[in-house]
Every structure is written in C-alpha cells, then in structure tokens.
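Residue numbers (the numbering used here): -3 to 393. We treat Cβ as the ideally placed atom computed from N, Cα and C, and that holds for glycine. Working notes, structure below.
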C-alpha cells in the first residue's frame, strides 16, 4: 500500500516516484512478477505500507494501516466561545475576528461564557469551496498539476503562491476554531471526528424570493413539466425547498504568517446524522464496505425541526500531517462546499451550542515515536533516485 500526497490526477501516475511513473512502471512490474508470475521476491512483506508524512515531507515505512495502538495517543481539542489569540501578522485575524474562536486541549468556565457561535448560510451571497483546496481536489487535481510538478519533479515548493492552497479567503464568514501557536511538533495521523450540538432556524423572505426566480428560470431552461417538479426526489426541488444543512468541516494547518493549508475534510448532512438509539458507534472505525451504517441515512433521512437541539458527529477523512512548532491547528465549520457538493439553497442560521452539557470536541490520534525499527522506519534519501523508488527497488527479504 502506497499512501501519497497527491490529488487525483497526479496520483494516477505517482508523480515524483520515478519507479512508479508511467515512464518506467518498475515497481508495478516487480510487484506483478511476484504476485502474478510467482517469482519469489517478497519485497514489501516486512513493511507493506509506504506512508507520506506531510509537514515532514518524508516517506515512512509502516507494518500496518491503520497504525497500531502502541503508536497512537488519543487527543481531544475543545471548541470554545472565547476568541482565538490575535495574530498581528495575519489579516485574517482581523477580517474574521468575530467568527474566529479558540481551540484548546483544556476548557475552563471562561470558555463557556458569552454567546454561542452562529454559522450563517447565505447561498446567494457566498458559497464556500471555490477559493479552497477543495476546488482543486474535486476537479481531479487538474488545477494543481503545475504546483505538484514543481514540487515533486523540480523539488521547488510553490504551493504558497496558489490561491487554492490558502483557505483564508474561503474562511471569511465561516466559523473557525484555532489553537495557540504549538509549542512542539505534533503528528496527526488516521481518522478524526468533530462532535457538536446545534439548533437551526430557516427562511429569509428576501432569499426565498430569489430562489423562486431561480426555480422559474431552471424549469424554463430544462423544460421540466409539472410532474417532474412535484416529484419529491427532484434534486433541484430538494436543494431549493427542503430545510436541511450541509455541515462541512475542514482541518487546516495554519502557518506562522497566517496561511491556512487544508489538510483534510469531513461532511455531514443534518438529515443524515446518526439517530438510531441502538447505534453503538457514531463513526465506523472499521470502514466496512456496504455497512448499513452508511446506507440507512441515505435511504431514511431524518429531517430536523427548527430550534430543536441535535447532536452531530462528523467523520473526517484520515490524514498524515505534522503540524510544526509555531504553527496552529484550525477547525473550520461551514455550510457549503461547492462544487464538491450541490449547495442547499435554503438560508439558515445554525447556533453551535457550547456549554458544560454540550462540549464541542475535535478528536484525533497523534503519533508517538515508539517502536522505531519494530513497527516503522523512515525511508532515507540515498541520493540516486527519489527515496521511495530507491527503497522499493532495493528492498527485499
């Protein structure tokens, strides 16, 4: 298993790993000789996983994925009502000041003082995701081919010059929860989750007038007949008329001068929240294919009522990133991710309840350095080829 730092497009040919690129396919050929032709060459038996650690920008050989419990420490960062520490080198701290809250490992009574944060969804005014790494990710990484080529072919990192590699413009107007500058490096690897409680109010007459005009135009252009409009499964009808919320969570690595690099994300539609009282887990840690856990919400969505408090648990995709000393960890919470998700066009206000009875928490696993040489080892740069190619082509049992 090779888990790399790519988007969809450049990941298809393992950009920067010479032995796996279409020009050679040397690693693939060796693997097929072993598995298909039966040539005895078990070169990935001891460490069958190659994992790229972002932040360190190094490859690491692992004996298993997910990582063993001996390597992991369970961590929790709590969302606060208190404002995040101001960064005078970052204009985002000024422009999003009223929405930028603190994220910390410990909570005190002052973290629960004041008004609850309110996530406002105004689809006519702003759809989040377009000025984001999400934009490149869901366009198969095509916009990032230039920067990825520079990085993994010419060893020159130009990510900070690409608009989609800085989330700050996209984060204006959304809720952000940011730690103080880290006092030491921390590696976050594996799946994560964000737990919070929220109550929602819908409808703005001015916005609904605009939506009606949009619907009239859509049906005129597409020649939809009345039967299609009345179909309860009509996608446009659902998006423009149903009271629902798309909760979008981003985990971002905030650099000392303010740049916010998206590391990974998670999504949950309010009507698809876990609601079965018999459910023993809120996310599926085993990622079992075709598990009813994933199907039930799609087949039997449970709509929310206005001003009623609901618990939400958002599963966040796994990652492997070292947040360096002096950087900050940021949890960003918005209500759209366009073009990845077709937006819900019904405006809403979502009050995030944060108090003793409703602790909002970001849970993850950090990685320790135990068991080096037993369960893992760094893949060293030997200079002749890129480190992973050298390791894969020279390794064997």
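Self-check item: Endpoints, alpha helix (DSSP H) assigned at residue 65
Solution: Annotation for residue 65: no alpha helix (DSSP H) segment contains it, and DSSP assigns it neither H nor E.
Exercise. Excluding the 5 residues preceding and the 5 following residue 5 in the sequence, name in chain order all residues of the same chain whose CB lies nearer than 7 Å to its CB.
Key: If you ignore the 5 residues before and after residue 5, its C-beta comes within less than 7 Å of the C-beta of 136, 137, 138 and 141, all in its own chain and listed in chain order.
Quiz item: Got a sec? Which residues, its chain only, sit under 6 Å from residue 377 by beta carbon, not counting five neighbours each side?
Solution: For residue 377, where only same-chain residues beyond five positions count, the Cβ hits under 6 Å are 383.
Quiz prompt | 4-residue-minimum alpha helix (DSSP H) runs that sit fully inside the segment 284 to 349, ordered along the chain | solution = Those alpha helix (DSSP H) runs which fall completely within the segment 284 to 349 and span 4+ residues are 288 to 295.
Quiz item: Going by other Cβ atoms of all chains shown within 10 Å of its Cβ, with 16 needed for buried, is residue 15 buried or exposed?
Solution: Residue 15 should be labelled buried.
Quiz item: In this structure, what does DSSP give as the bridge partners for residue 50?
Solution: DSSP output for residue 50 lists 317 as bridge partner(s).
Quiz item: For residue 141, does the three-state DSSP call read helix, strand or coil?
Solution: Helix at residue 141.
Quiz item: residue 45 to residue -3, Cα distance in whole Å?
Solution: Inter-residue distance for residue 45 and residue -3 is about 5 Å (C-alpha atoms, whole angstroms).
Quiz item: Which residues bound the alpha helix (DSSP H) around residue 133?
Solution: Note, residue 133: alpha helix (DSSP H), 129 to 133.
Quiz item: Can you name the residues that DSSP bridges to residue 88?
Solution: Residue 88 is not bridged to any residue.
Quiz item: Looking at the unbroken alpha helix (DSSP H) that takes in residue 409, where does it start and where does it end?
Solution: Beyond the ends of the chain as shown, which are -3 and 393, falls residue 409; an answer cannot be given.
Quiz prompt | Where the beta strand (DSSP E) through residue 372 begins and ends | solution = According to the DSSP assignment, residue 372 belongs to the beta strand (DSSP E) that extends over 372 to 374.
Quiz prompt | Euclidean distance between Cα positions of residue 68 and residue 363 | solution = Cα to Cα, residue 68 sits roughly 5 Å from residue 363.
Quiz item: In the structure shown, what three-state DSSP assignment does residue 36 receive?
Solution: In the structure shown, residue 36 sits in coil (DSSP, three-state: anything other than H, G, I, E or B).
Exercise. Mark residue 313 as exposed unless 16 or more other C-beta atoms lie within 10 angstroms of its C-beta, in which case mark it buried.
Key: Classification of residue 313: exposed, given that the 10 Å Cβ count is below 16.
Self-check item: Alpha-carbon to alpha-carbon, residue 236 and residue 124
Solution: Taking the straight line from one Cα to the other gives about 17 Å.
Quiz prompt | For residue 126, the nearest candidate out of 333, 357 and 345 (CA to CA) | solution = The candidate whose alpha carbon is nearest that of residue 126 is 333.
Self-check item: residue 19, DSSP secondary structure in three states
Solution: In this structure, residue 19 counts as coil in the three-state DSSP scheme.
Exercise. Work out the CA separation of residue 131 and residue 162 for me, nearest whole Å.
Key: One C-alpha to the other measures close to 11 Å.
Quiz item: Which first and last residues belong to the alpha helix (DSSP H) in which residue 394 is found?
Solution: Because the chain spans -3 through 393 in this model, residue 394 falls outside it and cannot be assessed.
Quiz prompt | Helix, strand or coil at residue 57 [DSSP, three-state] | solution = Correct three-state label for residue 57: strand.
Self-check item: Residue environment, residue 41, which counts as buried when at least 16 other CB atoms sit within 10 Å
Solution: Around the Cβ of residue 41, a 10 Å sphere holds fewer than 16 other Cβ atoms; the residue is exposed.
Quiz item: So what does DSSP say about residue 367, is it helix, strand or coil?
Solution: The three-state reading of DSSP puts residue 367 in coil, since its state is none of H, G, I, E or B.
Quiz prompt | Where residue 164 falls: helix, strand or coil (DSSP) | solution = In this structure, residue 164 counts as helix in the three-state DSSP scheme.
Quiz item: What residue does the beta strand (DSSP E) around residue 386 start on, and which one ends it?
Solution: Per DSSP, residue 386 belongs to no beta strand (DSSP E); it is in the alpha helix (DSSP H), 383 to 390.
Practice problem: Could you tell me which residues DSSP puts in a beta bridge with residue 455? | Solution: With the chain running from -3 to 393 in the structure shown, residue 455 is simply not present.
Practice problem: Starting from residue 96, trace the beta strand (DSSP E) both ways and give me its first and last residue. | Solution: In the DSSP annotation of this structure, the continuous segment of the beta strand (DSSP E) that includes residue 96 starts and ends at 96 to 100.
Quiz prompt | Beta-carbon separation (whole angstroms), residue 397 vs residue 27, contact threshold 8 Å | solution = Residue 397 is absent from the structure shown; the chain starts at -3 and stops at 393.
Quiz item: Does the distance from the C-beta atom of residue 189 to that of residue 309 stay below 7 Å?
Solution: Taking the C-beta atoms as reference points, residue 309 is found nearer than 7 Å to residue 189.
Quiz item: With a CB to CB cut of under 6 Å and the five nearest residues on each side skipped, what residues in its chain are close to residue 222?
Solution: Low confidence applies here, because residue 222 scores a pLDDT of 45, under 50, leaving its location unreliable; read the following figure in that light. Cβ within range, chain order: n/a, list empty.
Self-check item: When 239, 75, 158 and 70 are compared against residue 340, the one with the closest alpha-carbon
Solution: Distances from the CA of residue 340 to each of 239, 75, 158 and 70 were compared; the closest alpha carbon is that of 239.
Self-check item: Helix, strand or coil at residue 223 according to DSSP, with G and I counted as helix
Solution: Its pLDDT being 46, under 50, residue 223 is placed unreliably by the model, and the measurement read from it follows with that caveat. It is helical.
Quiz item: For residue 237, which three-state DSSP category applies?
Solution: Helix.
Practice problem: Could you round the C-beta distance between residue 1 and residue 50 to whole angstroms and report it? I think they count as a contact, below 8 Å. | Solution: Cβ-Cβ separation between residue 1 and residue 50: approximately 6 Å, consistent with a contact (criterion under 8 Å).
Quiz item: How should residue 84 be labelled, buried or exposed, when 16 other C-beta atoms within 10 angstroms of its C-beta is the threshold for buried?
Solution: Its Cβ having fewer than 16 others within 10 Å, residue 84 is exposed.
Exercise. Give the DSSP-derived three-state secondary structure of residue 265 in the structure shown.
Key: Here residue 265 sits in strand by DSSP.
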